[in-house]
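Chemist: Once you've had a glance at the structure underneath, I'll fire off some questions.
Residue numbers (this note's numbering): 25 to 119.
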């Protein structure tokens, strides 16, 4: 999958992330977002831009977020994105 490029530069401690449209289970099954996954539960996102004050994540990191609880959803031609303060990210996924 091709990585999205940030079209805006986040400021402060804000992070711009591309919400991933499908999730892969431990068994290897791919679940598309339309299958009824609840966005109020943790979901994965790829960091595409960070503000100058961000210390814990970097561009390209795969992170866990709760999209409906915090941040601002942004729809663009390239996909669906989320902008939130770095402290609201649940964690970086270790691969």
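We put the CB at the ideal spot given by N, CA and C, even for glycine.
Just reading off the beta strand (DSSP E) that residue 68 is part of, what are its end residues?
Modeler: By one-based count along the chain shown, residue 68 stands at place 44. Residues 67-74.
Chemist: By the three-class DSSP mapping on this structure, what secondary structure does residue 77 have?
Modeler: Taking the chain shown and counting its residues from 1, the one referred to as residue 77 is at position 53. Residue state, collapsed to three classes: coil.
Chemist: Counting C-beta neighbours from all protein chains within 10 Å, is the total for residue 72 16 or more, i.e. buried, or is it exposed?
Modeler: The residue you call residue 72 lines up with position 48 of the chain shown. By the neighbour-count rule (16 or more Cβ atoms within 10 Å), residue 72 is buried.
Chemist: Counting only the same chain and skipping the five closest in sequence on each side, list residues whose C-beta sits under 6 Å from that of residue 58.
Modeler: Within the chain shown, residue 58 is the residue found at index 34, counting from 1. Its pLDDT being 48, under 50, residue 58 is placed unreliably in this model, and the coordinates cannot settle the point.
Chemist: Going by other Cβ atoms of all chains shown within 10 Å of its Cβ, with 16 needed for buried, is residue 99 buried or exposed?
Modeler: As a working note, residue 99 is residue 75 in the chain shown. Classification for residue 99: exposed.
Chemist: Quick one: using the 10 Å Cβ neighbour count with 16 as the cut-off for buried, is residue 93 buried or exposed?
Modeler: Start at 1 with the first residue of the chain shown, and residue 93 comes out as number 69. The residue is exposed, with fewer than 16 neighbouring Cβ atoms inside 10 Å.
Chemist: Would you kindly work out how many angstroms separate the C-alpha atoms of residue 107 and residue 53, rounded to a whole number?
Modeler: On the chain shown, residue 107 is found 83 positions in, with the first residue counted as 1. On the chain shown, residue 53 is found 29 positions in, with the first residue counted as 1. Each residue's Cα considered, the two are about 28 Å apart.
Chemist: Going straight from the alpha carbon of residue 110 to that of residue 40, what length do you get?
Modeler: Taking the chain shown and counting its residues from 1, one reaches residue 110 at position 86. Taking the chain shown and counting its residues from 1, one reaches residue 40 at position 16. Whole-angstrom Cα-Cα distance: 9 Å.
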